[in-house]
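>
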Amino acid sequence: MDKIKIAIQKSGRLYDDSVKLLKDCGIDLKNGVNKLKAECDNFPMEIYFLRDDDIPQYVEDAVADIGIVGENVFYEKKKKAEIVEQLGFGKCRLSVAVGRSEQYDGVDFLHGKKIATTYPVLVQQFLDKNSIKAEIHEISGSVEIAPGIGLADAIVDLVSSGSTLFMNGLKEVETVLKSQAVLIRNEQLGARQQQLLEKFLFRIRAVKKARN
Ligand code: PRT
Ligand code: ZN
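According to the UniProt record's numbering, the sequence shown is numbered sequentially starting from 1.
Have a look at this one:
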C-alpha cells in the first residue's frame with residue numbers, strides 16, 4: 001500500500017474540524033459517492049469515515065494507519081495505539097455532576113453511590129485513584145437524565161459549555177479527564193506509512209502554529 005489510511009469520524013462533533021484540518025494541510029478530499037471512503041488527488045492518503053468509538057480498534061488492527069479521536073474515547077477503549085499529536089479542537093472535559101441541591105463537599109460524597117456513565121473504564125480508574133467504592137451503571141446515552149429519574153446519584157459525562165448539565169438541574173463537581181481531539185497511530189507502521197505520517201505531521205504542526 002502506497003498510501004496512508006486515516007480514520008476520521010463519519011458525522012458528529014469531530015467531523016467538520018477533522019475535514020478542515022485535512023483541507024488546511026492542503027489535502028483535498030475527492031467527494032466520492034462512497035460515504036465510507038474518500039481519496040485525495042494531491043496527497044497519498046485514503047480517508048475512512050467511521051463511528052468515533054470504532055476508530056481506536058481500527059488503528060490497533062491496522063485497518064487504518066492513523067486516526068482522529070477524542071482523548072476520552074482513546075483512553076476509555078484502551079486499544080494498542082499511540083497518541084502522536086494533540087489537535088486543539090473537540091475540547092471538553094469528562095466530569096462528575098450531581099444534583100444542584102446536593103451538599104457536595106469532596107469526592108468522598110461518592111462513597112456507596114450509584115454513578116451513571118458511558119465511560120465505565122475511566123470512571124473506575126478515577127474511583128480507584130481516590131479510593132472510593134461506588135457502583136457504576138453503564139448506560140449508552142442520555143446520561144444527564146439519570147439522576148432525575150432515580151437511576152443514579154451522580155453522573156460522569158462530557159461537558160463543554162455546561163448548559164446540558166444546567167438544564168437538567170445538575171452541577172459539575174469534579175473533572176475526571178480534560179480532553180481534545182488527538183491524532184493516533186498504529187504501533188507498527190511500515191516505512192512508507194511512517195514517512196507519510198511525518199510529512200502529514202509536519203503540515204499539521206505548521207497549521208497549528210498559524211492558528212495560534
Ligand atoms: O456517532 P459517533 O459515535 O461517531 O459520535 P458520538 O455521538 O459518540 O460523539 P459526538 O459526535 O457527540 O462527540 C465526538 C467527540 O467530540 C467526543 O468523544 C468528545 O471527544 C468531543 N466533544 C467535545 C464532545 C463535546 N465537546 C460535548 N459537549 N462530545 C460530547 N459533548 C456533549 C456533552 O456530553 C453534552 O451532552 O454535548 C452535549 C452539550 O454539551 P454542553 O456542555 O455544551 O451542554
Ligand atoms: Zn461515539
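Using N, Cα and C, we set each Cβ at its ideal position, and we do this for glycine too. None of these values were measured; they are calculated from a predicted model.
Which ranges does the alpha helix (DSSP H) cover as unbroken runs of at least 4 residues, wholly within the UniProt domain "ATP phosphoribosyltransferase catalytic" (51-205), from first to last along the chain?
55-60, 71-77, 120-129 and 163-167
> To the nearest whole angstrom, what separates the beta carbons of E138 and T117, a pair I think is in contact under 8 Å?
One-based indexing of the sequence shown puts residue 138 at position 138. One-based indexing of the sequence shown puts residue 117 at position 117. Sure, about 7 Å apart at Cβ, within 8 Å.
> In angstroms, rounded to a whole number, what distance separates the CA positions of M167 and L177?
The count along the sequence shown starts at 1 and reaches residue 167 at position 167. The count along the sequence shown starts at 1 and reaches residue 177 at position 177. One C-alpha to the other measures close to 22 Å.
> Quick check on the DSSP output: the beta strand (DSSP E) that includes K35 runs from which residue to which?
Along the sequence shown, one-based indexing puts residue 35 at 35. Segment: none, K35 is in no beta strand (DSSP E) and carries neither H nor E.
> Considering K3, what are the terminal residues of the alpha helix (DSSP H) in which it resides?
The sequence position of residue 3 within the sequence shown is 3, counting from 1. Neither: K3 is in no alpha helix (DSSP H) and is coded neither H nor E.
> Would you mind working out which of E71, G141 and A81 sits nearest V182, comparing C-alpha positions?
Position 182 of the sequence shown holds residue 182. Checking every option, the nearest Cα to that of V182 belongs to E71.
> With H, G and I counted as helix, E and B as strand and the rest as coil, what does DSSP make of L21?
Locating residue 21 in the sequence shown gives position 21, where the first residue counts as 1. It is helical.
> K10 by DSSP, collapsed to three states: which one?
On the sequence shown, residue 10 is found 10 positions in, with the first residue counted as 1. Coil at K10, not helix or strand.
> How about D52: is its Cβ closer than 7 Å to a heavy atom in the ligand ZN?
One-based indexing of the sequence shown puts residue 52 at position 52. Checking every heavy atom of the ligand ZN against the Cβ of D52, one is found closer than 7 Å.
> Taking just the CA atoms, how far does F109 sit from I145?
In the sequence shown, the residue the question calls residue 145 occupies position 145. In the sequence shown, the residue the question calls residue 109 occupies position 109. Whole-angstrom Cα-Cα distance: 20 Å.
> Going by the C-beta, is K10 closer than 7 Å to any heavy atom of the ligand PRT?
Against the sequence shown, residue 10 aligns to sequence position 10. K10: yes, Cβ under 7 Å from the ligand PRT.
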